[in-house]
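Written out below as structure tokens is the structure these notes cover.
In the UniProt record's numbering, the protein residues as written are 1 to 1106.
This is the structure we're talking about:
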């Protein structure tokens, strides 16, 4: 075992002998070899599904179901062998980690001895990922949302060696939420420093899906690290464009920091940029994102002025507009996160490159059956400073000194070039240099000009023979108009036009808004026009996705009735195609064919419609018809994997083995990780056992039931990563439904019996195939408690909470012994407005089945708060399960707060000091709040007899204890702590220090916190500070602010912040937001009233208990 204090270092292995020979010959070496890395292991996934449908994550939905959730990381590191793939040529070396999402973990410039991507020498996950663990460093490939849902899960890999010497390491998986297929290949070329990542994003589902792609590069930073963007970038935007500022010099407060004020405080030290420069990490004190709003160029990157090295990213701006920087900031919050994510490797920034997206959230559509292929490129640069222009051949910089008489040029090339470098003034050539450029030999030069010049009059050209590699003329100061910021849409009933309703609903659905549903906007359209085709189609699609087939059919038929009222050939085939899906799911195959056939008249829907027709033809035993439709699908989407798979099945059924075998060989040669093709070849080898089941379901829909049965039989891999989830009972229920299709009811019954005996751990049903199989199971046996429990789980995720409650009650009534079922019944009871006492009984039974389960104890305690039980009862309910349950951070913090509320603040402080805490990103502040609350209360007890000890306790906590895992944000209020500190100092006889503390309670955050947070209970202590200082007018102003905020809460709609990027409190119970706002308003009024009383009794030191 290594100690946490021991320095960790990744030692890269040397290339094997055969690969050394390739390197020596100027080629690309590639080999697989494990690497020993000190690792803080993630905890086991939670056995209880997380229904986080209102969780806000990176500004969009943080829904994680059906992925098992991990909420803990080991406190100690252990060495672990990680499977690694090494890719190397004469210029760069890469290390890829297929077990952690297929990321590039190390990017090393061999010529400069420099890690141009951040090298994290430990695997130290923080709770940042959608499903929990996430690591910093290298390059993470985020899709179909940010962060990659499978960021800490294994992917499948294959190595491709091309005839020209290129080597590509392919990584592939089905994303765990939408089950689309993502493939990315990391490619090196002989004699080039270019790192190419080719991505292939494929929607293998029946419906349009939304996605984004951000390649997330980390770069190690310090005071002299600069992020560079094209020189025409004049503005950057925050998430969802809720705010903008000028760039690179911020011209207004951004993220609450008044950068112009900071810059005005004094001239920067020599060699340091002004404090308003956002391109220097060292100037950003708080967690901050910014994204480029517009540029004509396709590059950006980062440069380390201390090392004289950096990197460029390049991608075609017509599809890759996304250019973003993120930092945790240089302040206490950033320092705390540095400790969570690394041991000794220090801070980093993320320089993210977005394709088909330029913001977060900013999703694009991927049509059913569509594949999008694109490439991104990175390469190291050296000695030249930040690039001002770059392409795939070279990066250049050209600058003039203040006199305009001295020009400095810099060039970094991606391959060896016999170059001619020209500096021109207008049409005249000032100087020409000859140089052998290569990644190992960048070029820099300084030239004294004959007369002062303007940068815009100069042109730098780099030639290779007669070929221009790159040319750059500095631009003048751009005067781009300020980009618009986003606004919150009105509520549906307040919108004037039908078009605005439709556009808003589409926007909310496309960008997966976490707290504003699109459905009321479409519903309002139907209220105004009951036959509106757009609204009927959108709502029909939504009902289909949650298994409401009858409702979906009615809505889609309603849409078609309007669309075909005057035109039997509507311009869009969408409504007909979607109706075909509903009819197919409900066994009305002939009618489905009619709908798909007509939908295929529309080019936009022809591809998925022909796929469906081929699928139905195979199901009905007509391979010739299937072959025809597969061919038609290929005519519309030549690379379509599904069309090729269906063509193979049709050829096979037609008895044409030579053609089918050749076709399958071609598919696998072009895409060796295609899981369907692997399954058809009998060679399926995937890390995720649910991938095999997904392939089996696809085959079954095409009538390939025996193949599906065989494939499902091997899907339950006992050694699979538990965070994938388990097929568990579901594979048996699916097999049973396929056996019924094969007219074997006895075998189907036997499979369902196996399902009831199977381990249900991590078996979270998802998708319509699971839904249909569970419905058929209950048709066969209405008393199947396992099927009832699983279907209840599926319906909870679908938002059909009342229907879920019915099935969960039946599972309970029929004797379920699964604590997950009882816990889910408790959630459904509360979220349907049921009796919370009954919900508590469900939790009680769950705890009988899973004694001392800390997750259940936590959730039951949250319910006890909803029920309004006193602190003493809630403390006892936790304590009866023993101290081990307090290993959970959330439960330990809840317990600490209850101890403080019950007058046991000293016990709360002892608990908080006894262990380390790990916050979720966006959920920071909970441990600090519990600590401050306990410290102030205990200090008030101490100061009665030991005021000096009380003052010491309060002073010691001004800087957050490191074990809490959180740093203080400049906007965090510390007024209560400073009021109490002043009180203690006054009692200790130090009136001057007391007055200083009370004045400190009044101070805002200064330039670092100019955007004060909305008035809240903590502001009460600002009022008390005015009282202590004998300033009643100031106190009265605070009391009025509290009352005004209370009135705002009374009149505000019962909705969370529309632009929130994180709302961790909206997680468990769907409690009524309006009642919570009313309670908050009442508390503010109570505090204002109490403050006025204290104003009239200025010597009173009690304050109010918050």
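Even for Gly, the Cβ is constructed at its ideal location relative to N, Cα and C.
Just so it is clear, the structure is predicted and the values come from calculations on it, not from any experiment.
**Message:** Which residues does DSSP list as the beta-bridge partners of residue 246?
**Reply:** Here residue 246 refers to the residue found at position 246 when the chain shown is read from its first residue. In DSSP, residue 246 forms a bridge with 235.
**Asked** Can you tell me whether DSSP reads residue 312 as helix, strand or coil?
**Response** Position 312 of the chain shown holds residue 312. Here residue 312 sits in strand by DSSP.
**Request:** Would you mind sorting residue 1097 into buried or exposed? The rule is 16 or more other CB atoms within 10 Å of its CB.
**Result:** The residue given as residue 1097 occupies position 1097 in the chain shown. Residue 1097 should be labelled exposed.
**Prompt:** Looking only at C-alpha atoms, which of 296, 23 and 82 sits nearest to residue 40?
**Reply:** Taking the chain shown and counting its residues from 1, the one referred to as residue 40 is at position 40. Ranking 296, 23 and 82 by Cα distance to residue 40 puts 82 first.
**Message:** Am I right that residue 776 and residue 746 are in contact with their C-beta atoms under 8 angstroms? What's the rounded C-beta distance?
**Reply:** Taking the chain shown and counting its residues from 1, one reaches residue 776 at position 776. Taking the chain shown and counting its residues from 1, one reaches residue 746 at position 746. Actually they do not touch by this definition, with Cβ atoms about 15 angstroms apart.
**Item:** Beta-carbon spacing of residue 977, residue 951 below 9 angstroms
**Value:** For this step, residue 977 is matched to residue 977 along the chain shown. For this step, residue 951 is matched to residue 951 along the chain shown. Against a cut-off of 9 angstroms, the Cβ pair of residue 951 and residue 977 comes out as no contact.
**Request:** Assign residue 352 to one of two classes, buried (16 or more other C-beta atoms within 10 Å of its C-beta) or exposed (fewer than that).
**Result:** Residue 352 sits at position 352 when you count from the first residue of the chain shown. Buried, by the Cβ-count rule.
**Asked** Roughly how many angstroms lie between the CA atoms of residue 840 and residue 45, to the nearest whole one?
**Response** As a position in the chain shown, residue 840 is number 840, starting the count at 1. As a position in the chain shown, residue 45 is number 45, starting the count at 1. Approximately 24 angstroms, taken between the alpha carbons.
**Item:** Rounded Cβ spacing between residue 677 and residue 645 (contact assumed at less than 8 angstroms)
**Value:** Here residue 677 is taken as the residue at index 677 of the chain shown, counted from 1. Here residue 645 is taken as the residue at index 645 of the chain shown, counted from 1. Going by Cβ atoms, the distance from residue 677 to residue 645 rounds to 7 angstroms, so yes, they are a contact pair.
**Request:** Would you verify that the beta carbon of residue 1053 is, or is not, closer than 9 angstroms to some beta carbon of chain D?
**Result:** This model lacks chain D altogether, as it is built from one protein chain only.
**Message:** Check whether the segment 88-102 and the segment 287-305 touch, using three or more Cβ-Cβ pairs below 8 angstroms as the test.
**Reply:** no
**Message:** Buried or exposed for residue 460, going by 16 or more other Cβ atoms inside 10 Å?
**Reply:** Numbered from 1 along the chain shown, position 460 holds the residue referred to as residue 460. Buried.
**Request:** Just grab the DSSP bridge partners of residue 376 for me.
**Result:** Counting from 1 along the chain shown, the entry for residue 376 is found at position 376. Answer is 197.
**Prompt:** With respect to the beta strand (DSSP E) encompassing residue 50, which residues constitute its N-terminal and C-terminal limits?
**Reply:** Residue mapping note: residue 50 aligns to position 50 of the chain shown, counting from 1. First-last for residue 50: undefined, no H or E at that position.
**Prompt:** Which two residues bound the contiguous beta strand (DSSP E) that contains residue 104?
**Reply:** Here residue 104 corresponds to residue number 104 of the chain shown, with the count starting at 1. Start and end: 103-109.
**Item:** Rounded C-alpha distance that separates residue 583 from residue 589
**Value:** By one-based count along the chain shown, residue 583 stands at place 583. By one-based count along the chain shown, residue 589 stands at place 589. Taking the straight line joining both Cα atoms gives about 7 angstroms.
**Span of the alpha helix (DSSP H), counted from its first residue to its last, around residue 897** = Your numbering for residue 897 matches position 897 in the chain shown. From DSSP, the alpha helix (DSSP H) with residue 897 extends over 889-901.
**Asked** Given that a residue counts as buried once 16 or more other Cβ atoms are within 10 Å of its Cβ, and exposed if not, what is residue 1066?
**Response** For the purposes of this step, residue 1066 is taken as residue 1066 along the chain shown, with counting starting at 1. Any answer about residue 1066 is weak, because its pLDDT of 49 lies below 50 and its placement is not dependable; what the coordinates show is given next. By the 10 Å Cβ count, residue 1066 comes out buried.
**Prompt:** Whose C-alpha, out of 454, 17, 65 and 807, is nearest the C-alpha of residue 726?
**Reply:** What you label residue 726 is simply residue 726 of the chain shown in a count that begins at 1. Out of 454, 17, 65 and 807, 65 has the C-alpha closest to the C-alpha of residue 726.
**Request:** Return the first residue and the last residue of the beta strand (DSSP E) that residue 421 is part of.
**Result:** Position 421 of the chain shown, counted from the first residue, corresponds to residue 421. Run containing residue 421: 417-425, per the beta strand (DSSP E) assignment.
**Message:** Can you confirm whether the segment 236-256 touches the segment 368-385 when touching is taken to mean that 3 or more C-beta pairs between the two stretches lie within less than 8 angstroms?
**Reply:** no
**Asked** Is the segment 19-30 in contact with the segment 475-484, if contact means three or more CB pairs nearer than 8 angstroms?
**Response** no
**Asked** Going straight from the alpha carbon of residue 818 to that of residue 998, what length do you get?
**Response** For the purposes of this step, residue 818 is identified with residue 818 of the chain shown, where counting begins at 1. For the purposes of this step, residue 998 is identified with residue 998 of the chain shown, where counting begins at 1. Approximately 56 angstroms between the Cα atoms of the pair.
**Asked** DSSP three-state call for residue 319: helix, strand or coil?
**Response** Sequence index remark: in the chain shown, residue 319 carries index 319 (1-based). If DSSP states are grouped into helix, strand and coil, residue 319 belongs with coil.
**Request:** Output yes or no for whether 9 angstroms exceeds the beta carbon distance between residue 314 and residue 212.
**Result:** If you number the chain shown from 1, residue 314 lands on position 314. If you number the chain shown from 1, residue 212 lands on position 212. For residue 314 and residue 212, no; Cβs fall outside 9 angstroms.
**Message:** Quick check on the burial criterion: 16 or more other C-beta atoms within 10 angstroms. Buried or exposed for residue 256?
**Reply:** Residue mapping note: residue 256 aligns to position 256 of the chain shown, counting from 1. That one is buried.
**Counterpart residues of residue 30 in DSSP-defined beta bridges** = Taking the chain shown and counting its residues from 1, the one referred to as residue 30 is at position 30. Its beta-bridge partners are 87.
**Asked** Who pairs with residue 289 in a beta bridge, going by DSSP?
**Response** Reading the chain shown from its first residue, position 289 is the one you call residue 289. Residue 289 is bridged to 326.
**Request:** Within the same chain, show all residues whose beta-carbon is closer than 8 angstroms to that of residue 603, passing over the 5 residues directly before and after it, in chain order.
**Result:** Residue 603 sits at position 603 when you count from the first residue of the chain shown. Cβ within range, chain order: 636.
**Request:** Evaluate residue 682 with the Cβ neighbour count: other Cβ atoms within 10 Å of its Cβ, from every protein chain shown; 16 or more gives buried, anything less gives exposed.
**Result:** Here residue 682 is taken as the residue at index 682 of the chain shown, counted from 1. The residue in question, residue 682, is exposed, as its Cβ has fewer than 16 Cβ neighbours within 10 Å.
**Message:** Strictly by DSSP, which residues pair up with residue 432?
**Reply:** As a first step, residue 432 is located in the chain shown; it is residue number 432 there, counting from the start. Residue 432 pairs with 422.
**Item:** Inter-residue spacing [alpha-carbon to alpha-carbon] between residue 1106 and residue 932
**Value:** Position 1106 of the chain shown, counted from the first residue, corresponds to residue 1106. Position 932 of the chain shown, counted from the first residue, corresponds to residue 932. A caution first: residue 1106 carries a pLDDT of 43, below 50, which makes its placement in the model too unreliable to give a value.
**Asked** If residue 381 and residue 412 are in contact, beta carbons under 8 angstroms, what's the gap, nearest whole angstrom?
**Response** Stepping through the chain shown from its first residue, residue 381 is reached at position 381. Stepping through the chain shown from its first residue, residue 412 is reached at position 412. That pair is a contact at about 4 angstroms.
**Same chain, Cβ closer than 8 angstroms to residue 836, five either side skipped, listed in chain order** = On the chain shown, residue 836 is found 836 positions in, with the first residue counted as 1. Once the five neighbours on either side are set aside, the close Cβ partners of residue 836 are 829, 830, 863, 866 and 867.
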